[in-house]
Structures are given as C-alpha cells and as structure tokens.
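The next block holds one structure in the form of structure tokens; read it before the comments.
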Ligand SMILES: [Zn+2]
Ligand SMILES: [Zn+2]
C-alpha cells in the first residue's frame, strides 16, 4: 500500500510525504497528522509545516509572500487536508475568507436559496465577492421603512398625549 492510488503524479512528492497521501477523486488527502484547523502538517527539517504548502512549494514553486493557499472548490476540491498542488491557488487572506465563508453558502440565514434571481452578487474591492439574498434585502429595507414609520408615529402619539395631558 503506497497510498498513491491511481494518481501517479503523487510520486513526485518525497516518499515520506507520498506515503501519507490517499488519492480520492483527484484529491490528495493527507492521512498524517492534522492541525487544529484540519490542515495536514509535516515535519521538515525539525519544524512543523503545513503539508499542502510544502507540497505546493515542492511541485510548483514558492508561494508569494503573504498569500494563503486556497483549496479551489471550483476544481472539485473541498478538503482542507488535500495537498494536491493543482487544487491549490495562492490568494490573499480576504479572497480566501470570502470564498470559504460567503461564497460557498447555498442558502441565506433565513433559508432562501442563494441562486437564480434571488442571488445578488456584489464584487468587493478586495477581490472577493458578496452574495446577498434578494428576499432578505427587500425584507430588511421594508423593516427599516416600518421602523422609521413607527418612530414617526410614536413621536406623533407622544405629542398628542402631551397635548391631551396639558388639556386635563
Ligand atoms: Zn483537492
Ligand atoms: Zn434570504
């Protein structure tokens, strides 16, 4: 059992790393130790490093400073412990966060589908994108209007009560 499965490019990794990889649907799943965030870790020269970063640097090249490696869902990858460099893309922290949190949501907090005409996509200047729910957007705009109306009504009522109080 080499762990290399049917993807022989995995053998381009050092044997010590390839032995800890199981290939599944193109993903190179790290079977060695994981850190508390679920990323594979590997000891290199006495230091613990992130396995997917080590694999990327070995097979592709240096990761530009300050960038994170994103597991690209569009390439069929959603495994944090995947170390396949062709599934990894160096991105800024903001892009990575927006992809993992917002960009992968299929429904809004209220359960409306984030797709079709109900989906509003806004580009962030940071390069990420925001995905908003049209139903909720309209709803919160309506609530805001109602709130303003309620405040106005309350003030009117208060004036009326004050006048009434002044009368008695
Ligand atoms: Zn993968
Ligand atoms: Zn919604």
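Numbering (my numbering), first residue to last: 31 to 198.
C-beta atoms are modelled at their ideal positions from N, C-alpha and C, and glycine is treated no differently.
TODO: Check whether the Cβ of residue 139 lies closer than 8 Å to any heavy atom of ligand 2, and answer yes or no.
DONE: Here the question's residue 139 lines up with position 109 in the chain shown. Correct: residue 139 has its Cβ closer than 8 Å to ligand 2.
TODO: Could you name the residues whose beta carbon sits closer than 5 Å to any heavy atom belonging to ligand 1, keeping them in chain order?
DONE: 57, 107, 112, 114, 117
TODO: Examine chain D for any beta-carbon lying closer than 9 Å to the beta-carbon of residue 127, and answer yes or no.
DONE: Chain labels in this structure do not include chain D; a single protein chain is all it has.
Open item on the list: If contact is defined by three or more beta carbon pairs under 8 Å, each pair taking one atom from either stretch, is the stretch 81–98 in contact with the stretch 107–119?
Closed with: yes
Task: Euclidean distance between Cα positions of residue 50 and residue 60 - done: In the chain shown, the residue the question calls residue 50 occupies position 20. In the chain shown, the residue the question calls residue 60 occupies position 30. When rounded, the distance between both Cα atoms is 6 Å.
Open item on the list: ligand 2 and residue 150: does the residue's C-beta get closer than 8 Å to at least one heavy atom of that ligand?
Closed with: Here the question's residue 150 lines up with position 120 in the chain shown. No, the beta carbon of residue 150 sits no closer than 8 Å to any heavy atom of ligand 2.
TODO: Just tell me which of 195, 69, 88 has its CA closest to the CA of residue 45.
DONE: Mapped onto the chain shown, residue 45 falls at position 15. That would be 88, whose Cα lies nearest to the Cα of residue 45.
TODO: Leaving aside the five residues before and after residue 193 along the sequence, list all residues of the same chain whose C-beta is less than 8 Å from its C-beta, in chain order.
DONE: The sequence position of residue 193 within the chain shown is 163, counting from 1. Counting only Cβ-Cβ distances below 8 Å, and skipping sequence neighbours, we find nothing.
Task: Cα-Cα separation between residue 43 and residue 120, rounded to whole angstroms - done: On the chain shown, residue 43 is found 13 positions in, with the first residue counted as 1. On the chain shown, residue 120 is found 90 positions in, with the first residue counted as 1. Straight-line Cα distance between these residues: approximately 19 Å.
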